[in-house]
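> The opening position of the sequence shown corresponds to residue 1 in the UniProt record's numbering, with each subsequent residue numbered one higher. The C-beta atom is built at its ideal place from N, Cα and C for all residues, glycine as well. Handing you this structure, nothing more for now.
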Amino acid sequence: MMSSDHATIDVPESSAVAKGKAPLIGSQREPKRGFNKGLGIADFLLRLGAITAALEAAATMGTSDQTLPFFTQFFQFQAGYDDFTTFMFFVIAMALIGGYLVLSLPFSIVTIVRPYAVAPRLLLFILDTVALTLTTAAGAAAAAIVYLAHNGNPNTNWLAICNQFGDFCQTVSGAVVASFVTVVVLIVLIVLSGFALKRR
1 MMSSDHATID VPESSAVAKG KAPLIGSQRE PKRGFNKGLG IADFLLRLGA
51 ITAALEAAAT MGTSDQTLPF FTQFFQFQAG YDDFTTFMFF VIAMALIGGY
101 LVLSLPFSIV TIVRPYAVAP RLLLFILDTV ALTLTTAAGA AAAAIVYLAH
151 NGNPNTNWLA ICNQFGDFCQ TVSGAVVASF VTVVVLIVLI VLSGFALKRR
């Protein structure tokens, strides 16, 4: 008489099934991939805006110059950015930031083509933080000089020069505003990079 017993093989459940989770399939990864790609596109567009603001700040400050219409044979009343060491630092710093942002564009494109790539995103995160520090330092230092140019400081007998050099003060003030626009864009870029790294 033949036995009705059959040999059985126990197959252990995978951890995902045991915990009631379905394995991740390609269709479920597509929305996440699309979102990361969207972050990469936003990063690229913001960098273009930051390049424009940084280079505009450097160019505006670098061309700031005003000569008063009245002068004598020996004295000429003139104000230029190169009369202030802080403004010279501002021009150099903003030019460097603009150059860095241009060089960062290929890495930003990589984050669009390869949304899950960690290395370029992490590199941009670190370098953007350094760029933010330099931009903030340059903008804040220039803003302090612009404030003194507008209001002076009676305690140290520093006179306000904007009453005479109005065009010069208006130009350097515009450059400072452009630098702070760059600061805001860099902050947004850092937040986007951090968010993309977290979602990976």
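(1) Provide the residue(s) that pair with residue 49 in DSSP beta bridges, ordered along the chain.
(2) Who does residue 153 pair with in a DSSP beta bridge?
(3) Would you say the stretch 90-100 touches the stretch 148-160, given that touching needs at least three Cβ pairs under 8 Å?
(4) With a cut-off of 8 Å on the beta carbons, I'd call residue 140 and residue 60 a contact; round off their distance for me.
(5) Would you kindly report the start and end of the unbroken alpha helix (DSSP H) that includes residue 100?
(6) Taking the straight line between their C-alpha atoms, what separation do you get for residue 52 and residue 107?
(7) In whole angstroms, give me the CA-to-CA distance for residue 184 and residue 145.
(8) Do residue 182 and residue 54 have their C-beta atoms closer together than 8 Å?
(9) Select from 99, 127, 87, 95 the residue whose C-alpha is nearest the C-alpha of residue 143.
(10) For residue 143, which of helix, strand or coil comes out of DSSP?
(11) Nearest CA to the CA of residue 84: which residue from 104, 38, 129, 149?
(12) Short of 7 Å in beta carbon distance, which residues of its chain neighbour residue 110, apart from the five on each side in sequence? Order them along the chain.
(13) If we count the other Cβ atoms within 10 Å of its Cβ and call it buried at 16 or more, is residue 168 buried or exposed?
(14) Do the CB positions of residue 49 and residue 64 come within less than 8 Å of each other?
(15) Mark residue 132 as exposed unless 16 or more other C-beta atoms lie within 10 angstroms of its C-beta, in which case mark it buried.
(16) What is the rounded straight-line gap between the Cα of residue 136 and the Cα of residue 128?
So, from the data block:
(1) Taking the first residue of the sequence shown as position 1, residue 49 is located at position 49. Residue pairing by DSSP leaves residue 49 without any beta bridge partner.
(2) Mapped onto the sequence shown, residue 153 falls at position 153. Paired residues: 158.
(3) no
(4) Here residue 140 corresponds to residue number 140 of the sequence shown, with the count starting at 1. Here residue 60 corresponds to residue number 60 of the sequence shown, with the count starting at 1. Between residue 60 and residue 140 the Cβ distance is about 17 Å, and since that is not below 8 Å, they are no contact.
(5) As a working mapping, residue 100 is identified with position 100 in the sequence shown. Note, residue 100: alpha helix (DSSP H), 85-113.
(6) Taking the sequence shown and counting its residues from 1, the one referred to as residue 52 is at position 52. Taking the sequence shown and counting its residues from 1, the one referred to as residue 107 is at position 107. The C-alpha of residue 52 lies about 18 Å from the C-alpha of residue 107.
(7) Against the sequence shown, residue 184 aligns to sequence position 184. Against the sequence shown, residue 145 aligns to sequence position 145. For residue 184 and residue 145, the distance between alpha carbons rounds to 21 Å.
(8) In the sequence shown, residue 182 corresponds to position 182, counting from 1. In the sequence shown, residue 54 corresponds to position 54, counting from 1. Cβ distance < 8 Å, so residue 182 and residue 54 count as in contact.
(9) Locating residue 143 in the sequence shown gives position 143, where the first residue counts as 1. The shortest C-alpha separation from residue 143 is found at 87.
(10) Numbered from its first residue, the sequence shown carries residue 143 at position 143. Here residue 143 sits in helix by DSSP.
(11) Sequence index remark: in the sequence shown, residue 84 carries index 84 (1-based). When each option's Cα is compared against that of residue 84, the closest is 149.
(12) Working through the sequence shown from its first residue, we reach residue 110 at position 110. Once the five neighbours on either side are set aside, the close Cβ partners of residue 110 are 117, 120.
(13) What you label residue 168 is simply residue 168 of the sequence shown in a count that begins at 1. Residue 168 is buried by the Cβ-count criterion.
(14) Position 49 of the sequence shown, counting from 1, holds the residue named residue 49. Position 64 of the sequence shown, counting from 1, holds the residue named residue 64. No; because the gap between Cβ atoms is not below 8 Å, this pair is not in contact.
(15) Position 132 of the sequence shown, counting from 1, holds the residue named residue 132. It is buried - the Cβ of residue 132 has at least 16 other Cβ atoms within 10 Å.
(16) Residue numbering aside, residue 136 sits at position 136 when the sequence shown is read from its first letter. Residue numbering aside, residue 128 sits at position 128 when the sequence shown is read from its first letter. Approximately 12 Å between the Cα atoms of the pair.
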